[in-house]
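One structure is given below, encoded as structure tokens.
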Amino acid sequence: MIGLRSKRIASDVAIYVILSVMVFIWLFPLVWMVLRAFGTATSNKATMVFPKGYTLVNFKQLFPGGAADYNSFPYMTWIGNTMLVAVCSCVISTLLVLMVSYALSRLRFKMRKKLMNIALILGLFPGFLSMIAMYFMFNLFSLTPNNYIGLILAYSLGAGTGYYIVKGFFDTVPLAIDEAARIDGATKNRIFWTMIIPLSKPIIIYTILTNFIGPWCDYIMASVFMTKPKFYTVAVGIRQFISGFNLPQTHFARFCAGGVLISVPIVILFLIMQKFYVEGITGGAAKG
Numbered sequence: 058m059i060g061l062r063s064k065r066i067a068s069d070v071a072i073y074v075i076l077s078v079m080v081f082i083w084l085f086p087l088v089w090m091v092l093r094a095f096g097t098a099t100s101n102k103a104t105m106v107f108p109k110g111y112t113l114v115n116f117k118q119l120f121p122g123g124a125a126d127y128n129s130f131p132y133m134t135w136i137g138n139t140m141l142v143a144v145c146s147c148v149i150s151t152l153l154v155l156m157v158s159y160a161l162s163r164l165r166f167k168m169r170k171k172l173m174n175i176a177l178i179l180g181l182f183p184g185f186l187s188m189i190a191m192y193f194m195f196n197l198f199s200l201t202p203n204n205y206i207g208l209i210l211a212y213s214l215g216a217g218t219g220y221y222i223v224k225g226f227f228d229t230v231p232l233a234i235d236e237a238a239r240i241d242g243a244t245k246n247r248i249f250w251t252m253i254i255p256l257s258k259p260i261i262i263y264t265i266l267t268n269f270i271g272p273w274c275d276y277i278m279a280s281v282f283m284t285k286p287k288f289y290t291v292a293v294g295i296r297q298f299i300s301g302f303n304l305p306q307t308h309f310a311r312f313c314a315g316g317v318l319i320s321v322p323i324v325i326l327f328l329i330m331q332k333f334y335v336e337g338i339t340g341g342a343a344k345g
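In my numbering, the protein residues as written are 58 to 345.
Quick look at the structure:
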């Protein structure tokens, strides 16, 4: 008995040690960036983890009037651009995902399973593999470069391929609701908007969060579509603070401050909607 208890304790200790090391490895870069954002050292040559002094100047320089070179690094303009792109992409993507998922969950038509498999396979490929092709295709319609419509479409048009989590959630909604509504004369369109959507708050919030975070944090796609500073999203914009890896980074602390500031809305959204986020993803996995 003592031997089994000792083995269990040793196993638990080993697991907690491994998890603690993993947490440290994951959190250390984030903590270091926050410390550098509040530190007085502005270059990337600092060798100490904890700054010698703390200041809010790095954050003040991100706002109009906070720095002499603000016009070269209009952080708040980049924030506005990012908000526009992220909100519009989120709305379009969420609607597409919900409608595609409901159709695949409730409707039965020819090639349905083959289309689902094709969409699932396409969704496994990273989106940036198609960005060059999309850039030249949108360029034919004058939607690039420096055109928010083109960037929004690039983020949202393929959203329907990510149907599987939402479809899994819709599969858990009883078919009896649809059947009762059809007996009363409701169309599929009315059933979807007035009955299924109100019952799907968790998965809708999950879909909104995932479709908002992508454009908000993306660098690769935005850097291809946006080439002028006034059109940059914030991910592309703050990269200008550290452009040139072989040169001393005199704006490195401001870069860290910009990264910390841009993460605040995401953290707040996640904390507020965490309950619905978890319910949505677990509900969608039930019959995925």
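Even for Gly, the Cβ is constructed at its ideal location relative to N, Cα and C.
- Proximity to A279 across I253, A233, H308, L210 peaks at L210, based on C-alpha coordinates.
- The C-alpha of Y205 is placed about 25 Å away from the C-alpha of V324.
- Rounded to the nearest whole angstrom, the C-alpha separation of F182 and W250 is 31 Å.
- L208 and L92 have their C-alpha atoms some 33 Å from each other.
- Scanning the region 199 to 224 from its first residue to its last, the whole alpha helix (DSSP H) runs of 4-plus residues come out as 205 to 213.
- Its Cα nearest to that of S257, the residue T229 stands out among T229, F107, F116.
- For the region 86 to 133, the continuous alpha helix (DSSP H) assignments of 4+ residues that do not extend past its boundaries occur at 114 to 117, in sequence order.
- Contact between G96 and Y73 does not hold, since the beta-carbon distance rounds to 32 Å and is not under 8 Å.
- Note that the region 285 to 296 touches the region 132 to 140; at least 3 beta-carbon pairs, one per stretch, sit closer than 8 Å.
- By the Cβ rule, the region 273 to 287 counts as touching the region 182 to 194, because three or more pairs are nearer than 8 Å.
- Our two residues, A314 and F107, have alpha carbons roughly 15 Å apart in a direct line.
- Non-local C-beta neighbours of Y289 in its own chain, meaning closer than 6 Å and more than five positions away in sequence, comprise W135, M283, ordered along the chain.
- Going by C-alpha positions, V70 is about 18 Å away from I82.
- Contact between the region 144 to 160 and the region 265 to 278 is established, with three or more Cβ pairs separated by less than 8 Å.
- With a beta-carbon spacing of about 5 Å, K224 and S162 fall inside the 8 Å limit used to define contacts.
- The beta carbon of I319 lies closer than 7 Å to those of V291 in the same chain, with the five residues before and after it left out.
- Annotated three-state conformation of Y159 is helix, per DSSP.
- Restricting attention to alpha helix (DSSP H) runs no shorter than 4 residues, the region 132 to 198 encloses them at 132 to 163, 169 to 180, 188 to 196, ordered along the chain.
- In its own chain, leaving out the 5 sequence neighbours on each side, no residue places its CB closer than 7 Å to the CB of A160.
- With contacts defined as CB atoms closer than 8 Å, G180 and G219 qualify as a contacting pair.
- In the DSSP assignment, V293 falls within the unbroken alpha helix (DSSP H) covering 291 to 295.
- Secondary structure at G60: helix, using DSSP grouped into helix, strand and coil.
- DSSP places A279 in the helix class (H, G or I) of the three-state scheme.
- Counted as a single uninterrupted DSSP element, the stretch harbouring T307 is not any alpha helix (DSSP H), since DSSP gives it neither H nor E.
- DSSP places I254 in no alpha helix (DSSP H); its state is neither H nor E.
- Around the beta carbon of N196, fewer than 16 other beta carbons lie within 10 angstroms, which makes this residue exposed.
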